[in-house]
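Add 36 to the 1-based position in the sequence shown for the numbering used here, that's all there is to it. This report refers to the structure that appears directly beneath it.
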Amino acid sequence: MTTSTLITVAPTGAEVDKAVAPGLPVTLDELVACATSCESAGAAVVHVHVRDAEARPTLDLRRLKETVAALRAETSLVVQLSTGGSVSDSYADRLRVLEAGPDSCSLTCGTVNFGDDVFLNPWPFVSELYQATQRCGVVPEFELFDLGHVAALHRLLDLHGAPYGGRVHCDLVMGVPGGFPGDLATLATAVAALPSGATWSATGIGRATLPVLFATLAAGGHLRVGMEDTVTYAKGRPVRDNAELVERAAHAATLAQRPPMDAVAARAFLGLPA
Ligand code: KMH
Ligand code: ZN
């Protein structure tokens with residue numbers, strides 16, 4: 037078990053509406069301010085989705101590039117771009133995300149029902165995206181929404197070898213309607229199925245947030261938190277901003293005797309150049 041906790045903040049996502057959650061960062065200035073406060077609160081990685089001028093999710097390459105540049109200029113965070121985008125994004129646009137030159141990217145290992153939608157990740161796309169990360173020198177974070185995705189991860193590694201950076205680092209996304217339930221038994225089953233030597237974080241969506249956070253700390257995993265995954269801090273109390281979710285995660289990790297890893301340590305952990 038590592039002695040510190042890698043905290044990833046997922047501040048925006050593609051699904052949450054700014055009108056419902058006013059603290060959601062949707063402009064570049066809001067995102068940079070958010071990332072700065074989250075780094076101070078204990079985050080080491082920022083998982084980024086960008087929005088357009090109307091606050092709608094976009095994979096516009098120019099915006100992605102300026103976002104990577106601004107986050108690099110103002111923070112030391114590991115910049116992870118989402119290749120998941122929104123459920124309506126094309127495979128071509130999702131592959132093109134790597135051209136923005138992030139440190140890391142999310143890489144979902146299979147298709148999953150996603151509430152009333154379907155998040156499509158057919159094997160040929162997953163395989164192509166993985167090989168593109170290897171060519172471009174981008175550290176993939178394997179997003180696992182269901183047990184079949186873990187099987188696909190084994191297949192990816194068997195067929196195409198180790199990821200850039202050398203570490204197989206996964207994120208269990210739990211509590212999506214259609215994917216893993218966000219409970220302790222499911223978490224334990226998923227962790228037991230991961231490739232040998234893999235490291236992992238987990239996040240619980242909505243009301244799964246706290247059960248997954250505490251189960252993850254107990255099991256020695258790392259944490260992902262943020263308004264992409266929950267807009268409710270406690271029953272009846274909306275999230276004010278991403279930093280308070282990071283603060284809570286950092287406090288819990290510190291109580292668990294595994295305090296937050298800083299961004300420098302996170303880069304080394306993920307096999308990124310210093
Ligand atoms: N917005 C979801 C459809 C990722 O960032 O890679 C996909 C998602 C996963 O959020
Ligand atoms: Zn995402």
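Glycine is no exception: its CB is placed at the ideal position from the N, C-alpha and C atoms.
**Asked** Within 10 angstroms of its Cβ, does Trp236 collect 16 or more other Cβ (buried), or is it exposed?
**Response** If you number the sequence shown from 1, residue 236 lands on position 200. Classification for Trp236: buried.
**Message:** On the DSSP letters alone, give me the boundaries of the beta strand (DSSP E) that Tyr127 sits inside.
**Reply:** Along the sequence shown, read from residue 1 onward, the residue named residue 127 stands at position 91. That residue, Tyr127, is in no beta strand (DSSP E); its alpha helix (DSSP H) goes 127-132.
**Request:** For Ser142, collect the residues of the same chain with a Cβ closer than 6 Å to its Cβ; drop the 5 residues on either side in sequence, then sort them by chain order.
**Result:** For this step, residue 142 is matched to residue 106 along the sequence shown. When the five nearest sequence neighbours on each side are left out, the beta carbons in the same chain lying within less than 6 Å of the beta carbon of Ser142 are those of Ser118, Thr119, Gly120, Glu177, Glu179, in order along the chain.
**Prompt:** How big is the Cα-Cα spacing for Ala198 and Gly184?
**Reply:** Taking the first residue of the sequence shown as 1, we reach residue 198 at position 162. Taking the first residue of the sequence shown as 1, we reach residue 184 at position 148. Cα to Cα, the separation comes out at about 20 Å.
**Request:** Would you list, in sequence order, the uninterrupted alpha helix (DSSP H) runs of no fewer than 4 residues that lie entirely inside the stretch 51-113?
**Result:** If we require 4 residues or more, the alpha helix (DSSP H) runs fully inside the stretch 51-113 come out as 64-77, 97-110.
**Prompt:** Tell me, which residues are paired with Cys4 by DSSP?
**Reply:** In this structure the chain extends from 37 to 310, so residue 4 is not present and cannot be described.
**Item:** Own chain partners of Val148 with C-beta closer than 6 Å, once the 5 adjacent residues on each side are dropped
**Value:** Translated into the one-based positions of the sequence shown, residue 148 becomes position 112. The beta carbon of Val148 is closer than 6 Å to those of Phe155, Phe181, Asp182, Gly214, Gly215 in its chain, skipping five residues each way along the sequence.
**Prompt:** Can we say the stretch 220-238 touches the stretch 271-282, given the rule of at least three CB pairs closer than 8 Å?
**Reply:** The stretch 220-238, when compared against the stretch 271-282, does not touch it at the 8 Å Cβ threshold.
**Asked** Any heavy atom of the ligand KMH within a distance shorter than 6 Å of the CB on Ala128?
**Response** By 1-based counting over the sequence shown, the position of residue 128 is 92. Remark: the C-beta of Ala128 is outside contact range of the ligand KMH, defined as less than 6 Å to any heavy atom.
**Request:** Figure out for me which residue from Gly262, Ser232, Val227, Glu66 has the closest Cα to the Cα of Ala251.
**Result:** By 1-based counting over the sequence shown, the position of residue 251 is 215. Residue nearest to Ala251 within the set Gly262, Ser232, Val227, Glu66 is Val227 (criterion: CA-CA distance).
**Request:** Could you tell me the distance, in whole angstroms, from the CA atom of Leu192 to the CA atom of Asp265?
**Result:** Counted from its first residue, the sequence shown places residue 192 at position 156. Counted from its first residue, the sequence shown places residue 265 at position 229. Taking the CA atoms as reference points, Leu192 sits about 26 Å from Asp265.
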